[in-house]
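Novice: Numbering (UniProt numbering), first residue to last: 1 to 1243. Where is the CB? At the ideal position from N, CA and C, for every residue including glycine. The model shown is predicted, which means the values in this text are computed figures rather than measured ones. Pasting a structure below so you can have a look.
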């Protein structure tokens, strides 16, 4: 095949030695290097063609010759690399290159975003405004990518040079560079010099470039960019890519750009190179198909007899096959060269996006061109990158591997890789990035299918436990693994029968195994999680007949009988499955934080499932209730099933008899059972069945009335008997006490779901509460038999029942249609509310029984919410009159309860289950109190008593306090800020009081004080990153803190120059100065100096150190005045400095050593302090992302001015502070190019 001349890259030669300018990523094996050779071949090529030798493609040329000194690169003297490179390139035959007339430049208003060292940097998102450029066309044109590429191909066929320049400029502009490659540069400069020139013109102070910008238009550009590269190769695949001009120049440019120190060049070129390789892989596949067809045709023609054989056709097929073979070799050489030149070095780039691109594309190559890329020499790169520290890169690795394992034809090539990296893949199922964990589990499933013996039992157990994960995707993936390994139907399993001869269903052994799996996992409170994991992937969870057969039918001769634990577990799984099938909602904690919206298909599925389960359990549930009527645990679960029925099916399917049987069973349960959970579930089921408007309402309401009548009659009988005994000074026996407790329990539980106000129970219930509060407060402890009034347990039920009575009264008043009695009812309800709240206040403050106090506290909090200001918006003025606001005394009472019962309760040594229940109860108390603050019922300053425990009790209540903090900020930022400051002040005062009681002074080095500083730091983080939005709140915080810290008590101090007693609070306040903007720091500093009555002290005594620390934090970054700091190791004493006494010398020495340790992490030589002046404070606001205007670069510039040594010491000091390797390398490059400071006048 004739090949036209042009710049030629010898693709069959590996690139020369490469020195990676960036740190090796993690602890990966070093990439192999290659020797540099090929000089003789180039000389021979020059002799044969008569062309001047251009030298082979060296690594330095490929990467653009960009030295390590970035961002602006001087012309280097590496001419020995380019002995023949300075010769002009041979012009392509044809017309002369077009002169590019520079377009008239129109001045645009620029946006200044930062000013540093008298330079103004401008951010402009458009790298070119030339409407004829490919970049502009791709960004703004509505033409298809194919049309744009075809237009460029027409230009290329007319004028290669101008088309190539347009394509090269496209890659440069797509990187965000405003430079432009001219025809003169292309003719007279190598790619090395071109890239160097573009680097000089690149605006590196802007960290944005097209591939990194957010927004829909830039996302579309990135997609168009990738499509353009691939379409270009596709449209040129038959001739142009083999002309030794286009691909050689494009690959040379992309290789150089991908090795640039400029991140934008490196990122854009790597993406283009990887997409170019993907497109070449597609071309290689097409060439391979054509080659196979030509080979078959040739063989078919060759096998013909001599008489039938066409010689010219054979010659044509032979030539075609040879040409296709050469094309395939050429493409493979391109792929190999680009892989070794770009991929091998960029797969471990410091930028995660570049690493992710490499992993994503290599997976495509392996899948499409497995004969060339699916080899251990390529797979190892994915295996190494599985250890990447960025979750998205790890995810791309797994996404690359998944299709390979799913392909049956490729499994054989993955055995060695699987054996080497199996442990890592299994470990990634526990990845902190849930999406990566999901893909890891799926990959393990494919490994299990293809290599069953390679996974050990220990590996499988890791995946087993993930079915209880809080992340739904991970749990469902783990369930799929279990379905493959354990829960799959065995076609060879023997058929089993029940004792009555009924054939067992196929899912019976699977359900037995699932029950055993759940029991052995010992996570018995997570049955709903287990069901949620399997319900979409295994149909056994919706095989209702199989469930009920296992529970109702006796075991056959070849079966094991279910024991009590197995029956309870099976019922729990069945009820959880019923609940999720009927609602379509995952269990609490598994769903998304956003409200789930079911699709039309999912809604239809839920309706069908609900209908099927209703049809089945209408008949079976009464039998199950009868069988397990004596077991409270099983009964509680079974009674919840009717709550998920489609109740209309009772009438449409003629199931009135089964409905009556169900109601009779429930009535009997309410009559005979005393377990609270059973009664509550039964009451809720009655509430569901008695839905107004349903066809079965009248029948269910009749049954409910019967149950309530029985409960009320038993209560009245029991309480009358009990009161008669008390009035006659008799002691009730255990049966009489039991009857009162049980009857009141049932009344309270029924009251929670049903309106019992028509039975007029409130006065009777409140009578017992009133008698309780009428007893003397200071009575001594007495036994229950000697105590007056009803038993403690019964009193709690009375409090709850009265609470529900008041709520039902309000509900009736708001919803009743008959308004004639509304005024009287509202007056009666208001009177009941006031006296009930007064009684609860008394019980919370004085009652000795903790359960009584807890019930009263919960009632107060809930009623204050129900009867808050929101009632004023009701249309009825009678309802508006019921608004009840808390008094100051009541607010203080609630706070005292929270401090005592929530924050002062010590952990008791008890069982885990009991401890968890106690913690849950305390969390409920705290949530009830915080709810009053969030709803503006209590003033926001009441939250200070809660915020001060944020750090100390973070593990128990951190989420509640953090949520309250966020809601309070939404209500009012300034008030919330003041509240946080108040909480710090309260804690500080407590520390001072404790120190005074101990006969000492508050130590700033004590753990309590350090914890207070940490709390202040947490508060600072809660303000977020937008300093302008929180400006007023932060300023108010500092003003309030300063006012508290420097205010002296009214009584005069013995020493008027002594520090204020609370001056140490300024050190705590210093933790929030980084949230102040520059202007506000000056204002706060002025406010501080004005509040200090004695003025800024010149003494450096220990008492005034918090002031020094706070002032230094306010002066941080200022250039107009130097901060007052304690002496450091880098301190040069002035010749005219006053001599201080020995004690001050000791303090200074101690300050020197402490500060020196903070700066360097180790002690400095003594001689360093003789010649180095005082240093400014270190920056604390670095975002660790390698910004071009990094605060550490500014800090180094300040140090360079101060130290006056050319910047060497400044670089050393800054690099010693940095631990992150990526940031350290970035700063190393930036500081190396930092200009030396001008000699100062003093030097």
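I'd like to check one pair, residue 347 with residue 322: are the Cβ atoms closer than 8 Å?
Specialist: If you number the chain shown from 1, residue 322 lands on position 322. If you number the chain shown from 1, residue 347 lands on position 347. Cβ atoms of residue 322 and residue 347: not closer than 8 Å.
Novice: How would you call residue 920, buried or exposed, if buried means at least 16 neighbouring beta carbons within 10 angstroms?
Specialist: As a working mapping, residue 920 is identified with position 920 in the chain shown. Classification for residue 920: exposed.
Novice: Within the chosen definition, does the segment 296 to 313 reach the segment 222 to 235 through at least 3 CB pairs nearer than 8 Å?
Specialist: no
Novice: DSSP three-state call for residue 1159: helix, strand or coil?
Specialist: The sequence position of residue 1159 within the chain shown is 1159, counting from 1. Any reading at residue 1159 must be qualified, since the residue scores a pLDDT of 32, below 50, and its modelled position is unreliable; no value is offered.
Novice: Does residue 530 pass the burial test, meaning 16 or more other C-beta atoms within 10 Å, or should it be called exposed?
Specialist: On the chain shown, position 530 is the one that residue 530 refers to. The residue is buried, with at least 16 neighbouring Cβ atoms inside 10 Å.
Novice: Indicate whether residue 1244 and residue 863 have their beta-carbon atoms separated by less than 8 Å.
Specialist: Because the chain in this structure spans residues 1 to 1243, residue 1244 falls outside the shown range and cannot be described.
Novice: Out of curiosity, what's the CA-to-CA distance linking residue 827 and residue 878?
Specialist: For the purposes of this step, residue 827 is taken as residue 827 along the chain shown, with counting starting at 1. For the purposes of this step, residue 878 is taken as residue 878 along the chain shown, with counting starting at 1. Cα to Cα, residue 827 sits roughly 8 Å from residue 878.
Novice: So if DSSP puts residue 503 in a beta bridge, which residue, or which two residues, is it bridged to?
Specialist: By one-based count along the chain shown, residue 503 stands at place 503. DSSP, once it has assigned bridges, lists 497 as partnering residue 503.
Novice: Have a look at 1067, 1072, 852 and flag the residue whose alpha-carbon is nearest the alpha-carbon of residue 980.
Specialist: As a first step, residue 980 must be located in the chain shown, where it is residue number 980. The shortest Cα separation from residue 980 among 1067, 1072, 852 belongs to 1072.
Novice: Who are the near neighbours of residue 1228 in its chain, counting only those whose CB is closer than 7 Å to its CB and skipping five residues on each side?
Specialist: In the chain shown, counting from the first residue as 1, residue 1228 sits at position 1228. 1215, listed in sequence order.
Novice: Excluding the five sequence neighbours on either side, which residues of its own chain have a C-beta within less than 6 Å of the C-beta of residue 468, listed in chain order?
Specialist: Along the chain shown, one-based indexing puts residue 468 at 468. Cβ within range, chain order: 523, 526, 529.
Novice: Could you give the distance in angstroms between the alpha-carbon of residue 586 and the alpha-carbon of residue 178?
Specialist: As a first step, residue 586 must be located in the chain shown, where it is residue number 586. As a first step, residue 178 must be located in the chain shown, where it is residue number 178. Going from the Cα of residue 586 to the Cα of residue 178 covers about 53 Å.
Novice: To the nearest whole angstrom, what separates the beta carbons of residue 646 and residue 611, a pair I think is in contact under 8 Å?
Specialist: Residue 646 sits at position 646 when you count from the first residue of the chain shown. Residue 611 sits at position 611 when you count from the first residue of the chain shown. Yes, residue 646 and residue 611 are in contact; Cβ-Cβ is about 6 Å, under 8 Å.
Novice: Leaving aside the five residues before and after residue 949 along the sequence, list all residues of the same chain whose C-beta is less than 8 Å from its C-beta, in chain order.
Specialist: Sequence index remark: in the chain shown, residue 949 carries index 949 (1-based). Excluding sequence neighbours, residue 949 sits near 903, 957, 961.
Novice: Which residue spans inside the segment 746 to 820 form an unbroken alpha helix (DSSP H) run of at least 4?
Specialist: 762 to 774, 792 to 815
Novice: Determine the closest residue to residue 356 out of 693, 510, 399, 373, with distance taken between C-alpha atoms.
Specialist: In the chain shown, the residue the question calls residue 356 occupies position 356. Checking every option, the nearest Cα to that of residue 356 belongs to 399.
Novice: Excluding five sequence neighbours on each side, which residues of the same chain lie with their C-beta closer than 7 Å to the C-beta of residue 509?
Specialist: On the chain shown, residue 509 is found 509 positions in, with the first residue counted as 1. Counting only Cβ-Cβ distances below 7 Å, and skipping sequence neighbours, we find 493.
Novice: Is it buried or exposed, residue 388, if we count other Cβ atoms within 10 angstroms and call 16 or more buried?
Specialist: Here residue 388 is taken as the residue at index 388 of the chain shown, counted from 1. Buried is the call here.
Novice: In whole angstroms, give me the CA-to-CA distance for residue 184 and residue 297.
Specialist: Residue mapping note: residue 184 aligns to position 184 of the chain shown, counting from 1. Residue mapping note: residue 297 aligns to position 297 of the chain shown, counting from 1. In a straight line, the C-alpha of residue 184 is about 50 Å away from that of residue 297.
Novice: Here's the rule I'm using: 16 or more other beta-carbon atoms within 10 Å means buried, otherwise exposed. How should residue 1102 be labelled?
Specialist: Translated into positions along the chain shown, residue 1102 becomes position 1102. Exposed, since its Cβ has fewer than 16 Cβ neighbours within 10 Å.
Novice: Enumerate in chain order the residues of its own chain whose CB-to-CB distance from residue 213 is below 6 Å, with the five nearest sequence positions on each side excluded.
Specialist: To locate residue 213, count along the chain shown from 1; it is residue 213. Once the five neighbours on either side are set aside, residue 213 has no close Cβ partner at all.
Novice: Is it true that the CB of residue 313 sits closer than 8 Å to the CB of residue 301?
Specialist: In the chain shown, counting from the first residue as 1, residue 301 sits at position 301. In the chain shown, counting from the first residue as 1, residue 313 sits at position 313. In contact: residue 301 and residue 313 (Cβ atoms closer than 8 Å).
Novice: How long is the line joining the alpha carbons of residue 372 and residue 450, rounded to whole angstroms?
Specialist: In the chain shown, residue 372 corresponds to position 372, counting from 1. In the chain shown, residue 450 corresponds to position 450, counting from 1. If you take the alpha carbons of residue 372 and residue 450, they lie about 22 Å apart.
Novice: Assuming residue 636 is part of the alpha helix (DSSP H), what are its boundary residues?
Specialist: Counting from 1 along the chain shown, the entry for residue 636 is found at position 636. From DSSP, the alpha helix (DSSP H) with residue 636 extends over 632 to 639.
Novice: What residue range does the alpha helix (DSSP H) around residue 383 cover?
Specialist: As a working note, residue 383 is residue 383 in the chain shown. Element bounds for residue 383: 376 to 385.
Novice: Do residue 479 and residue 521 have their C-beta atoms closer together than 8 Å?
Specialist: For the purposes of this step, residue 479 is taken as residue 479 along the chain shown, with counting starting at 1. For the purposes of this step, residue 521 is taken as residue 521 along the chain shown, with counting starting at 1. No, the pair does not count as a contact, with Cβ atoms beyond the cut-off.
Novice: Assuming residue 983 and residue 947 make a contact with CB atoms under 8 Å, what is their CB distance in whole Å?
Specialist: Position 983 of the chain shown holds residue 983. Position 947 of the chain shown holds residue 947. That belief holds up - the Cβ atoms of residue 983 and residue 947 are roughly 4 Å apart, short of 8 Å.
Novice: Less than 7 Å between C-beta atoms, sequence neighbours within five positions excluded: which residues of the same chain meet that for residue 474?
Specialist: Against the chain shown, residue 474 aligns to sequence position 474. 434, 437, 438, 441, 466, listed in sequence order.
Novice: Comparing C-alpha positions only, which one of 642, 414, 339 sits nearest to residue 690?
Specialist: For the purposes of this step, residue 690 is identified with residue 690 of the chain shown, where counting begins at 1. Proximity to residue 690 across 642, 414, 339 peaks at 642, based on C-alpha coordinates.
Novice: In or out: residue 821 buried (at least 16 other Cβ within 10 Å) or exposed?
Specialist: Position 821 of the chain shown, counted from the first residue, corresponds to residue 821. Exposed, by the Cβ-count rule.
Novice: Between the segment 540 to 550 and the segment 612 to 631, can you find at least three pairs of beta-carbon atoms closer than 8 Å?
Specialist: Flag = yes, the segment 612 to 631 and the segment 540 to 550 touch.
Novice: Indicate whether the contact test is met: 3 or more Cβ pairs, each with one atom in the segment 1000 to 1015 and one in the segment 1032 to 1049, closer than 8 Å.
Specialist: no
Novice: Could you check the C-alpha separation between residue 136 and residue 535 for me, to the nearest Å?
Specialist: For the purposes of this step, residue 136 is identified with residue 136 of the chain shown, where counting begins at 1. For the purposes of this step, residue 535 is identified with residue 535 of the chain shown, where counting begins at 1. Approximately 52 Å, taken between the alpha carbons.
Novice: Since residue 1065 is in the alpha helix (DSSP H), which residue starts that stretch and which ends it?
Specialist: Counting from one through the chain shown, the residue named residue 1065 turns up at place 1065. 1065 to 1069 is the span of the alpha helix (DSSP H), which, as asked, contains residue 1065.
Novice: Taking all protein chains shown into account, decide if residue 311 is buried (16 or more other Cβ within 10 angstroms of its Cβ) or exposed.
Specialist: If you number the chain shown from 1, residue 311 lands on position 311. Looking at its Cβ environment, which holds fewer than 16 other Cβ atoms inside 10 Å, residue 311 is exposed.
Novice: Can you tell me which of 170, 134, 370, 378 puts its alpha carbon nearest to the alpha carbon of residue 359?
Specialist: What you label residue 359 is simply residue 359 of the chain shown in a count that begins at 1. If we check each option's Cα against that of residue 359, 378 comes out closest.
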